[in-house]
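Quick note, our numbering runs 8 ahead of the 1-based positions in the sequence shown. Here is the structure we will look at, set down as C-alpha coordinates.
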Amino acid sequence: MDVRNQRAALLLFEVLGFSAAEIAAMMKTSAASVNSALARARRILAEKAPSLTRERAPRTIGDPGAREIAIGFASALERGDADALIALLTDDVTWSMPPLPHWYRGIAAVADFAVQVPLTRCPSWRYVLTGANCQPAVAFYVGEGAARPHTAWSITVLTLRDERISEITSFLGAEHFAGFGLPAVLPGVVSGGGR
9 MDVRNQRAAL LLFEVLGFSA AEIAAMMKTS AASVNSALAR ARRILAEKAP
59 SLTRERAPRT IGDPGAREIA IGFASALERG DADALIALLT DDVTWSMPPL
109 PHWYRGIAAV ADFAVQVPLT RCPSWRYVLT GANCQPAVAF YVGEGAARPH
159 TAWSITVLTL RDERISEITS FLGAEHFAGF GLPAVLPGVV SGGGR
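Shown next as C-alpha coordinates:
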(Lines of atoms letter the chains of each structure in order from A and count residues from 1; the text may use other names and numbers.)
(Lines give C-alpha, C1' and ligand atoms only; values in the text may rest on other atoms or scores of the structure.)
Protein backbone atom coordinates (compact mmCIF):
# COMPACT_ATOMS: atom_id res chain seq x y z
CA MET A 1 0.00 0.00 0.00
CA ASP A 2 1.23 3.51 -0.75
CA VAL A 3 1.51 6.24 1.92
CA ARG A 4 -1.93 7.63 1.14
CA ASN A 5 -3.54 4.23 1.69
CA GLN A 6 -1.47 3.72 4.86
CA ARG A 7 -2.91 6.97 6.23
CA ALA A 8 -6.42 5.94 5.25
CA ALA A 9 -6.00 2.54 6.91
CA LEU A 10 -4.64 4.15 10.08
CA LEU A 11 -7.56 6.59 10.27
CA LEU A 12 -10.13 3.90 9.58
CA PHE A 13 -8.61 1.64 12.24
CA GLU A 14 -7.55 4.07 14.99
CA VAL A 15 -10.12 6.83 14.63
CA LEU A 16 -13.21 5.20 13.18
CA GLY A 17 -12.74 1.78 14.80
CA PHE A 18 -12.99 -0.47 11.75
CA SER A 19 -11.30 -3.88 11.95
CA ALA A 20 -8.44 -4.88 9.65
CA ALA A 21 -10.82 -7.26 7.82
CA GLU A 22 -13.39 -4.49 7.27
CA ILE A 23 -10.70 -2.12 6.01
CA ALA A 24 -9.38 -4.84 3.68
CA ALA A 25 -12.86 -5.27 2.20
CA MET A 26 -13.24 -1.50 1.70
CA MET A 27 -9.79 -1.15 0.11
CA LYS A 28 -10.06 -4.38 -1.88
CA THR A 29 -6.94 -5.92 -0.40
CA SER A 30 -6.05 -8.54 2.22
CA ALA A 31 -6.17 -8.17 6.01
CA ALA A 32 -2.44 -9.01 6.09
CA SER A 33 -1.77 -6.09 3.74
CA VAL A 34 -3.83 -3.78 5.96
CA ASN A 35 -1.96 -4.93 9.09
CA SER A 36 1.35 -4.33 7.32
CA ALA A 37 0.18 -0.85 6.23
CA LEU A 38 -0.92 -0.07 9.79
CA ALA A 39 2.51 -1.06 11.13
CA ARG A 40 4.29 1.14 8.54
CA ALA A 41 1.95 4.08 9.22
CA ARG A 42 2.49 3.81 12.98
CA ARG A 43 6.26 3.66 12.50
CA ILE A 44 6.23 6.77 10.28
CA LEU A 45 3.98 8.58 12.73
CA ALA A 46 6.26 7.70 15.66
CA GLU A 47 9.28 9.04 13.75
CA LYS A 48 7.65 12.29 12.67
CA ALA A 49 5.39 13.19 15.59
CA PRO A 50 7.10 14.80 18.57
CA SER A 51 7.26 12.67 21.66
CA LEU A 52 4.89 13.73 24.41
CA THR A 53 7.80 13.60 26.83
CA ARG A 54 9.66 16.13 24.68
CA GLU A 55 6.68 18.46 24.38
CA ARG A 56 6.37 21.21 26.94
CA ALA A 57 3.29 20.97 29.06
CA PRO A 58 0.73 23.71 28.41
CA ARG A 59 1.23 26.72 30.63
CA THR A 60 -1.63 27.13 33.04
CA ILE A 61 -2.82 30.21 34.91
CA GLY A 62 -1.01 28.78 37.96
CA ASP A 63 2.33 29.28 36.19
CA PRO A 64 3.58 32.72 37.37
CA GLY A 65 4.91 33.62 33.90
CA ALA A 66 1.65 32.64 32.21
CA ARG A 67 -0.32 34.56 34.83
CA GLU A 68 1.80 37.66 34.21
CA ILE A 69 1.19 37.43 30.45
CA ALA A 70 -2.57 36.96 30.95
CA ILE A 71 -2.69 39.95 33.32
CA GLY A 72 -0.65 42.01 30.85
CA PHE A 73 -3.04 41.17 28.01
CA ALA A 74 -6.20 41.77 30.05
CA SER A 75 -5.01 44.99 31.64
CA ALA A 76 -3.80 46.35 28.27
CA LEU A 77 -7.31 45.77 26.91
CA GLU A 78 -8.83 47.30 30.04
CA ARG A 79 -6.62 50.42 29.75
CA GLY A 80 -7.03 50.67 25.97
CA ASP A 81 -3.25 50.35 25.54
CA ALA A 82 -2.69 49.02 22.01
CA ASP A 83 1.11 49.13 22.24
CA ALA A 84 1.20 47.03 25.43
CA LEU A 85 -1.25 44.53 23.96
CA ILE A 86 0.64 44.18 20.67
CA ALA A 87 3.97 43.76 22.49
CA LEU A 88 2.62 40.52 24.00
CA LEU A 89 1.86 38.87 20.64
CA THR A 90 3.92 36.62 18.37
CA ASP A 91 4.33 37.68 14.73
CA ASP A 92 2.07 34.81 13.57
CA VAL A 93 -0.60 35.30 16.24
CA THR A 94 -4.22 34.40 15.45
CA TRP A 95 -7.43 35.70 17.03
CA SER A 96 -10.71 33.85 16.58
CA MET A 97 -14.10 34.42 18.19
CA PRO A 98 -16.38 31.39 18.12
CA PRO A 99 -19.19 31.29 17.08
CA LEU A 100 -18.34 34.14 14.68
CA PRO A 101 -16.67 33.04 11.44
CA HIS A 102 -14.21 35.97 11.56
CA TRP A 103 -10.62 35.35 12.53
CA TYR A 104 -7.38 37.26 12.11
CA ARG A 105 -3.88 35.96 11.42
CA GLY A 106 -0.58 37.79 11.82
CA ILE A 107 0.36 40.66 14.05
CA ALA A 108 -0.74 43.37 11.58
CA ALA A 109 -4.25 41.91 11.15
CA VAL A 110 -4.69 41.21 14.87
CA ALA A 111 -3.40 44.66 15.84
CA ASP A 112 -5.76 46.33 13.35
CA PHE A 113 -8.72 44.34 14.70
CA ALA A 114 -7.77 45.11 18.33
CA VAL A 115 -7.51 48.84 17.64
CA GLN A 116 -10.66 49.01 15.50
CA VAL A 117 -12.98 46.95 17.72
CA PRO A 118 -12.24 46.09 21.36
CA LEU A 119 -9.93 49.03 22.06
CA THR A 120 -12.17 51.61 20.34
CA ARG A 121 -15.79 50.49 20.23
CA CYS A 122 -16.08 48.98 23.70
CA PRO A 123 -16.15 51.73 26.33
CA SER A 124 -15.06 49.81 29.43
CA TRP A 125 -13.54 46.38 30.08
CA ARG A 126 -13.10 44.42 33.29
CA TYR A 127 -11.64 40.97 33.70
CA VAL A 128 -11.28 37.94 35.92
CA LEU A 129 -8.40 35.51 35.40
CA THR A 130 -9.34 31.86 34.97
CA GLY A 131 -8.12 28.79 33.14
CA ALA A 132 -9.57 26.69 30.34
CA ASN A 133 -8.36 23.45 28.80
CA CYS A 134 -5.09 23.60 30.80
CA GLN A 135 -4.35 27.08 29.45
CA PRO A 136 -4.51 30.59 30.89
CA ALA A 137 -7.80 32.33 30.16
CA VAL A 138 -9.47 35.63 30.90
CA ALA A 139 -13.15 36.19 31.52
CA PHE A 140 -13.92 39.58 29.98
CA TYR A 141 -16.84 41.80 30.93
CA VAL A 142 -17.90 44.92 29.05
CA GLY A 143 -19.75 47.94 30.37
CA GLU A 144 -20.69 51.51 29.49
CA GLY A 145 -18.18 52.95 31.95
CA ALA A 146 -16.11 51.98 35.00
CA ALA A 147 -18.86 53.03 37.42
CA ARG A 148 -21.52 51.02 35.56
CA PRO A 149 -22.16 47.25 35.81
CA HIS A 150 -20.19 45.10 33.36
CA THR A 151 -21.82 42.12 31.68
CA ALA A 152 -20.18 38.85 30.67
CA TRP A 153 -18.72 39.06 27.17
CA SER A 154 -16.19 36.31 26.47
CA ILE A 155 -13.98 33.61 27.91
CA THR A 156 -10.71 34.29 26.12
CA VAL A 157 -8.22 31.42 26.06
CA LEU A 158 -4.57 32.34 25.51
CA THR A 159 -2.12 29.94 23.89
CA LEU A 160 1.43 30.86 24.78
CA ARG A 161 4.70 30.32 22.97
CA ASP A 162 7.67 31.20 25.13
CA GLU A 163 6.81 34.58 26.66
CA ARG A 164 4.25 35.69 24.08
CA ILE A 165 0.69 34.95 23.01
CA SER A 166 0.47 32.93 19.80
CA GLU A 167 -3.27 32.32 19.75
CA ILE A 168 -6.26 34.17 21.20
CA THR A 169 -9.60 32.35 21.17
CA SER A 170 -12.49 34.41 22.52
CA PHE A 171 -15.55 32.26 23.17
CA LEU A 172 -18.29 34.88 22.94
CA GLY A 173 -21.41 34.66 25.07
CA ALA A 174 -22.48 34.95 28.70
CA GLU A 175 -23.61 31.31 28.66
CA HIS A 176 -19.97 30.19 29.04
CA PHE A 177 -19.45 31.93 32.40
CA ALA A 178 -21.54 29.65 34.65
CA GLY A 179 -19.34 26.67 33.76
CA PHE A 180 -16.37 28.57 35.19
CA GLY A 181 -18.27 29.54 38.35
CA LEU A 182 -18.23 33.18 37.27
CA PRO A 183 -21.03 35.74 37.61
CA ALA A 184 -22.84 37.07 34.57
CA VAL A 185 -22.46 40.66 35.82
CA LEU A 186 -19.75 42.53 37.74
CA PRO A 187 -20.88 45.58 39.69
CA GLY A 188 -19.53 48.99 38.68
CA VAL A 189 -16.58 50.44 40.55
CA VAL A 190 -15.56 54.02 41.17
CA SER A 191 -11.90 53.38 40.26
CA GLY A 192 -11.28 50.65 37.62
CA GLY A 193 -9.07 47.63 38.05
CA GLY A 194 -9.00 44.03 37.06
CA ARG A 195 -9.19 41.14 39.42
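Even for Gly, the Cβ is constructed at its ideal location relative to N, Cα and C.
Query	Result
Which runs of the alpha helix (DSSP H) spanning at least 4 residues fall entirely within the region 81-158, listed in chain order?	90-95, 115-124
Cα separation between residue 37 and residue 51?	21 Å
Alpha carbon to alpha carbon, how far is residue 44 from residue 70?	45 Å
Quick check: what's the CA-CA separation for residue 12 versus residue 163?	39 Å
Per DSSP, residue 179 is paired with what?	163
Assuming the contact rule is C-beta atoms closer than 8 Å, residue 32 and residue 42 should be a hit. Round their C-beta distance to whole Å, please.	5 Å
Express the C-alpha separation of residue 40 and residue 103 in angstroms, rounding to a whole number.	46 Å
Classify residue 125: buried if its beta carbon has 16 or more other beta carbons within 10 angstroms, exposed otherwise.	exposed
Would the beta-carbon of residue 190 be found less than 6 Å away from any heavy atom of the ligand MN?	Summarising the ligand content, the structure contains no ligands, and the ligand MN is consequently not present.
Alpha carbon to alpha carbon, what distance is there between residue 156 and residue 197?	7 Å
Given residue 14, which residues of its chain have a CB within under 7 Å of its CB, disregarding the five upstream and five downstream residues?	45, 48, 49
Buried or exposed: which applies to residue 158, given that a residue is buried once 16 or more other Cβ atoms fall within 10 Å of its Cβ?	buried
Over what stretch of residues does the alpha helix (DSSP H) that includes residue 22 continue unbroken?	No alpha helix (DSSP H) contains residue 22, which DSSP labels as neither H nor E.
Assuming residue 133 contacts residue 86 (C-beta within less than 8 Å), just tell me the rounded distance between them.	5 Å
Thinking C-alpha only, which one of 190, 181, 27 is nearest residue 108?	181
Taking the alpha-carbon positions, what's the residue 160 to residue 140 distance?	16 Å
Quick one: using the 10 Å Cβ neighbour count with 16 as the cut-off for buried, is residue 178 buried or exposed?	buried
Should residue 149 and residue 194 be called a contact, given that it needs their Cβ atoms to be closer than 7 Å?	yes
Identify, in the order they occur along the chain, each residue of the same chain with its Cβ nearer than 6 Å to the Cβ of residue 106, setting aside the five sequence neighbours on each side.	179
Name the one or two DSSP bridge partners that residue 169 has.	172
Name the residue from 154, 73, 93, 172 whose alpha carbon lies nearest to the alpha carbon of residue 127.	93
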